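Protein chains in written order, with my numbering: chain B, 725 to 964; chain G, -17 to 393. Cβ coordinates follow ideal geometry from the N, Cα and C atoms, glycine included. Keep in mind it's a predicted model, so treat the numbers as computed, not measured. Structure, as structure tokens:
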């Protein structure tokens, strides 16, 4: 079953008197339990496509169908509800609330989903355990290493059991070793049956995925399955 | 609704944490509201007190009593037109008494401000001196706490007796029973037959009813002043609803008694307590309103401070707003979050303001018979919450409308 079905979407920004075509004509389908990498140089429309897929923005033209819902026609609050329920975000800069501890950061999407306090805490604790951080739940982001912060944000993405996990350069702010650990964690999550969309410009990161979509100038240049997918070794840090 | 209840603790928590994170800023911002609330509550306490004082000082004028006088109490326009009026005389009073039917009590009275009262080596200044009849007990609503009021015999024979206010007793008879003792008024010995019950401070010492002296009319005319002192007729109707009819009746009776030609206006006036209140509200009321408006301006300045700081807060937390929106916060969550923050700032300001203005109201109470009214407490808390919501609305609206894509990128 397709989770995402995009048909001929375009995104045009008005910059002064000029029209900027960030996306010209993009169509793609993403199935359940796919591991897709979206690649492209800067200016290729990669970020715009990611915002679109993450329901953070709506296309100017075309249809975006998310599990049978026409996202292209939704208003801000409906988009927020979709993001909350169906999409788990992992950002390059982690985007954790600096003044909240790990547990509260992971709880946050559940608060907006209207889950009761006790259930929230239980589920957040479980998600943090999944990413190997059960001993750090009361630490604030500035008391955690970069890798640990990214694990908190992965736990936050997982806690609502979303349909897709959308990771935007998740290793961009990490050293190679830590980045590798995070990619191993994503692999574990993928193998559990989750759908992952990974946005990156690093070839070796993209090779962790099973399918690579290459963008150039607002169009899909190539959409291919990876023949020799790189599967990282389990490093024992995660308990997925 | 259920979602709201689940989110609300989070919203409250965020607001309190944001305030804790910027303590000095929160305190300074709140200070504007504190000053505003102190100003408004203190001002309104004083205004309520002033009115209370006025009402209590005119309480000797009964609300169901009409006062027939040569002059209206509040003469608008040319005073000269009243000056040539003939005085109301005792004979006119007697005629009116015989004509009028529907009244409870009628007393002629003469009065003067101030008279020296002495006893042995002690002396005191009486605030008001009345010469009247036994009916004055009803028209003036005066009750002796000790002794008795004037009686028919005192009045008819012009006996040298008097009823005095509590202040005079306290001054002249510190540790003695004043009843049947003699005091000297304008150096004429008079016997004290009654002491009035304490009235309370009234507005100003000069008109305090506790400093009054009441004596028979004839006595007043010999002891205090000459026969030409103008006479007033106090008529207690006994029923406020019949006041208007009674007034008409009195006017026509007085016109007949004073032989006013049909084509001429009345050459006397019917006064009543209501007119005093109206007059007060017209003059002091406007001043009071201006006072409230001016002090409310300080609250307005405080509100601008809140609005300003909320805009800063929204800008500072753009990224946080972006994160919250990305993971599913709806527009109203963000709106409510910032409204709550502004409202809490203001309500805290309101509470602190009340804590400060309460002792101030006790100070005011030393001069005016008032305490901080409870409704002012509630109203000012309500106002401060409202100020918070109103001044927080624009910043909160701005926050709630932020685009998650842009705000996530905000540095």
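Mark residue i as exposed unless 16 or more other C-beta atoms lie within 10 angstroms of its C-beta, in which case mark it buried.
i: residue 164(G); result: exposed
i: residue 2(G); result: exposed
i: residue 118(G); result: buried
i: residue 928(B); result: exposed
i: residue 819(B); result: buried
i: residue 797(B); result: exposed
i: residue -10(G); result: exposed
i: residue 185(G); result: With a pLDDT of only 47 at residue 185(G), under 50, the local geometry of the prediction cannot be trusted, and the value read off the model is given with reservation. Flag for residue 185(G) reads buried.
i: residue 903(B); result: buried
i: residue 187(G); result: Because the pLDDT at residue 187(G) is just 48, under 50, the model does not fix this residue reliably, and the value given afterwards should be weighed accordingly. Flag for residue 187(G) reads exposed.
i: residue 825(B); result: buried
i: residue 134(G); result: exposed
i: residue 39(G); result: buried
i: residue 730(B); result: buried
i: residue 964(B); result: At residue 964(B) the pLDDT is 48, less than 50, meaning the model places this residue with poor confidence and gives no usable figure here.
i: residue 80(G); result: exposed
i: residue 272(G); result: exposed
i: residue 949(B); result: exposed
i: residue 127(G); result: exposed
i: residue 109(G); result: buried
i: residue 954(B); result: exposed
i: residue 792(B); result: exposed
i: residue 378(G); result: buried
i: residue 733(B); result: buried
i: residue 740(B); result: exposed
i: residue 114(G); result: buried
i: residue 148(G); result: buried
i: residue 143(G); result: buried
Kindly identify the DSSP beta-bridge partner or partners of residue i.
i: residue 935(B); result: 760(B) and 949(B)
i: residue 51(G); result: 251(G)
i: residue 87(G); result: 218(G)
i: residue 320(G); result: The partner list for residue 320(G) (beta bridge, DSSP) is empty, contrary to what the question assumes.
i: residue 726(B); result: 755(B)
i: residue 144(G); result: 174(G)
i: residue 132(G); result: In the DSSP output, where bridge partners are listed per residue, residue 132(G) has none listed.
i: residue 731(B); result: 787(B)
i: residue 166(G); result: 100(G) and 171(G)
i: residue 890(B); result: 813(B) and 921(B)
i: residue 944(B); result: 939(B)
i: residue 739(B); result: 742(B)
Would you say residue i faces chain D, with C-beta separation under 8 angstroms as the test?
i: residue 823(B); result: The structure shown contains no chain D; its protein chains are B and G.
For this session: Report the residues of the segment 833 to 846 of chain B with a CB closer than 8 angstroms to any CB of chain G, ordered along the chain.
Result: Cβ contacts with chain G: 833, 835, 836, 837, 838, 839, 840 and 841.
For this session: Return the chain-ordered ranges of every alpha helix (DSSP H) run that is complete within the segment 350 to 385 of chain G and spans a minimum of 4 residues.
Result: 356 to 382
For this session: Indicate whether the contact test is met: 3 or more Cβ pairs, each with one atom in the segment 331 to 349 of chain G and one in the segment 18 to 29 of chain G, closer than 8 angstroms.
Result: yes
Exercise. What residues from the segment -3 to 14 of chain G come within 8 angstroms of chain B, judged by C-beta to C-beta, listed N to C?
Worked result: -1 and 3
Problem set entry | Three CB pairs or more closer than 8 angstroms across the segment 758 to 765 of chain B and the segment 906 to 923 of chain B | yes
Exercise. In the segment 302 to 317 of chain G, which residues sit with their C-beta less than 9 angstroms from some C-beta in chain B, listed in chain order?
Worked result: 302, 304, 305, 306, 307, 308, 309, 310, 311, 312, 313, 314 and 315
Exercise. The segment 769 to 799 of chain B: which residues have C-beta closer than 7 angstroms to a C-beta of chain G, in chain order?
Worked result: Those residues of the segment 769 to 799 of chain B that come within reach of chain G (Cβ to Cβ, closer than 7 angstroms) are 775, 780 and 781.
Exercise. Considering only residues of the segment 250 to 308 of chain G, which uninterrupted alpha helix (DSSP H) runs meet the minimum length of 4 residues and lie entirely inside it, listed in chain order?
Worked result: 255 to 298 and 300 to 308
Exercise. Going along the segment 371 to 393 of chain G in order, which residues come within less than 7 angstroms of chain B, judged by CB to CB distance?
Worked result: 386, 387 and 390
Exercise. Could you give the uninterrupted runs of the alpha helix (DSSP H) lying entirely in the segment 742 to 811 of chain B, keeping only those of 4 residues or more?
Worked result: 770 to 777 and 800 to 810
Exercise. Is the segment 89 to 96 of chain G touching the segment 144 to 164 of chain G in the sense that three or more CB pairs, one from each, lie closer than 8 angstroms?
Worked result: no
Exercise. Per the contact definition of three or more C-beta pairs closer than 8 angstroms, is the segment 39 to 55 of chain G in contact with the segment 299 to 317 of chain G?
Worked result: As far as the Cβ criterion goes, the segment 299 to 317 of chain G does not touch the segment 39 to 55 of chain G, which means the pair count is below three.
For this session: Entirely within the segment 825 to 866 of chain B and at least 4 residues each: give me those alpha helix (DSSP H) ranges in chain order.
Result: 826 to 837 and 841 to 854
Exercise. Closer than 8 angstroms, Cβ to any Cβ of chain G: which residues of the segment 801 to 820 of chain B, in chain order?
Worked result: 801, 804, 805, 807, 808, 809, 813, 815, 819 and 820
Exercise. Taking one C-beta from the segment 30 to 45 of chain G and one from the segment 249 to 258 of chain G each time, how about it: are there three or more such pairs within less than 8 angstroms?
Worked result: yes
Exercise. At a cut of 8 angstroms, does the segment 213 to 225 of chain G reach the segment 20 to 39 of chain G through at least three beta carbon pairs?
Worked result: no
Exercise. Is it a yes or a no for the segment 187 to 207 of chain G touching the segment 225 to 241 of chain G, going by three-plus beta-carbon pairs under 8 angstroms?
Worked result: no
Problem set entry | Residues from the segment 849 to 863 of chain B in contact with chain G, defined by Cβ distance under 8 angstroms | none
Exercise. How about the segment 273 to 284 of chain G and the segment 21 to 38 of chain G: do they share at least three Cβ pairs that are nearer than 8 angstroms?
Worked result: yes
Exercise. Which parts of the segment 68 to 114 of chain G are runs of the alpha helix (DSSP H), unbroken and 4 residues or longer, counting only runs that do not cross its ends?
Worked result: 72 to 81
Exercise. Does the segment 97 to 106 of chain G come close enough to the segment 119 to 133 of chain G that 3 or more CB-CB pairs lie under 8 angstroms?
Worked result: no
For this session: Mind checking the segment 236 to 267 of chain G against chain B and listing, in chain order, the residues whose C-beta falls within less than 8 angstroms of any C-beta there?
Result: none
Problem set entry | At least three beta-carbon pairs within less than 8 angstroms, the segment 782 to 792 of chain B to the segment 824 to 839 of chain B | no
Exercise. Can you list the beta strand (DSSP E) stretches of 3 or more residues lying completely in the segment 908 to 933 of chain B, in chain order?
Worked result: Segments of the beta strand (DSSP E) lying fully in the segment 908 to 933 of chain B: 919 to 923.
Exercise. Looking at chain B, which residues of the segment 320 to 341 of chain G have a Cβ within less than 8 angstroms of any of its Cβ atoms?
Worked result: none
For this session: Inspect the CB distances between the segment 845 to 854 of chain B and the segment 800 to 813 of chain B and report whether three or more fall short of 8 angstroms.
Result: no
For this session: Check whether the segment 376 to 392 of chain G touches the segment 292 to 310 of chain G, counting contact only when three or more Cβ pairs, one atom from each stretch, lie closer than 8 angstroms.
Result: yes
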